[in-house]
Amino acid sequence: MFETPLPLFLDPRKLCDGQQTITGHVELVSLAGFCSYLQSDQGRVNVELHFARDNAHRPVITGKSSIEGVQIACQRCLDAISLDIMADINVAIVLTEEQAEKLP
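Okay, so the sequence shown: first residue is 149 according to the working numbering, each after it adds one.
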């Protein structure tokens, strides 16, 4: 399901108009900021994104991301521990700050 890498560039408005779903992965090594908190940059983030328009016709992206077995340092003993991390994604695409302030 997550065998292909996510595209580096896409047109979210076009994907929202077509109510598309994209699944794929991102290699951890390409996420330098996130990797600075990890013991190892080995692994990948699996992502599922659903593009649509909400009831107010705003383009929105929803989905999930997950990482299995990411290595971080225990803050108590400093040994490496393995964690599974999951996150829900819920984003509205706006063009101006005014539109952002009107979001629910």
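Backbone N, C-alpha and C define an ideal beta-carbon position, used for all residues, glycine too.
Open item on the list: Tell me which residues share the same chain as arginine 161 and place their Cβ nearer than 8 Å to its Cβ, disregarding the 5 neighbours each side in the sequence.
Closed with: For the purposes of this step, residue 161 is taken as residue 13 along the sequence shown, with counting starting at 1. The answer, listed in chain order, is Pro207 and Ile241.
Open item on the list: Between Leu197, Cys225 and Gly191, which has its C-alpha nearest glutamine 167's C-alpha?
Closed with: In the sequence shown, the residue the question calls residue 167 occupies position 19. Ranking Leu197, Cys225 and Gly191 by Cα distance to glutamine 167 puts Leu197 first.
- [ ] Answer yes or no: the CB of isoleucine 220 versus the heavy atoms of the ligand NAD, is any distance below 7 Å?
- [x] The ligand NAD is not among the ligands present in this structure, which contains no ligands whatsoever.
Open item on the list: In this structure, how does DSSP classify valine 242 when only helix, strand and coil are distinguished?
Closed with: Here residue 242 refers to the residue found at position 94 of the sequence shown. If DSSP states are grouped into helix, strand and coil, valine 242 belongs with coil.
TODO: Can you tell me which of the three DSSP states glutamate 151 falls into?
DONE: In the sequence shown, residue 151 corresponds to position 3, counting from 1. Correct three-state label for glutamate 151: coil.
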